[in-house]
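Single-structure report; data block below.
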Amino acid sequence: MNAISRFFVQLARQMKHSPDGITAAGLTKGMTKLLDRFVASGALVAPRDPDADGTEPYVLKVTQAEFDKWEVVWACCPTGVARRIQGVPLLIK
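In terms of this note's numbering, the sequence shown has 12 at position 12, counting the first letter as 1, and numbering is strictly consecutive.
Below, the structure is given as structure tokens:
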């Protein structure tokens, strides 16, 4: 999620001070391309509970919250990571 946020900040800086149409299209296209790269790499996967969360690895929403304020919301399902690894040594007679 941190990597996605860092790329988002770069995209937002590129879109800053652009007209509304260009901003909406740029944010939508840029974030879709970014999130698709994470899906292709296996970092984002289909949700584990499709009944509650659907089947898409991410959901993107771009809205103009105020006259000069845009809001980009992304909900995504990151793949699991190895937080606990256990080794079990066994002796053979």
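Every residue, glycine too, gets a C-beta built ideally from N, C-alpha and C.
Just the C-alpha distance for residue i and residue j, rounded to the nearest angstrom, thanks.
i	j	result
Lys-33	Phe-7	11 Å
Asn-2	Thr-63	22 Å
Leu-90	Gly-80	28 Å
Assign residue i to one of three DSSP states: helix, strand, or coil.
i	result
Ala-25	helix
Thr-63	strand
Leu-90	coil
Going by C-alpha distance, which of the options is nearest residue i?
i	options	result
Gly-26	Val-39, Thr-79 and Trp-70	Trp-70
Starting from residue i, trace the beta strand (DSSP E) both ways and give me its first and last residue.
i	result
Ala-75	69-76
If you measure from the CB of residue i, is any heavy atom of the ligand ADP nearer than 8 Å?
i	result
Gln-86	Here there are no bound small molecules, and the ligand ADP is not part of this structure.
Going by DSSP, what residue range makes up the alpha helix (DSSP H) through residue i?
i	result
Ser-5	2-15
Asp-53	50-53
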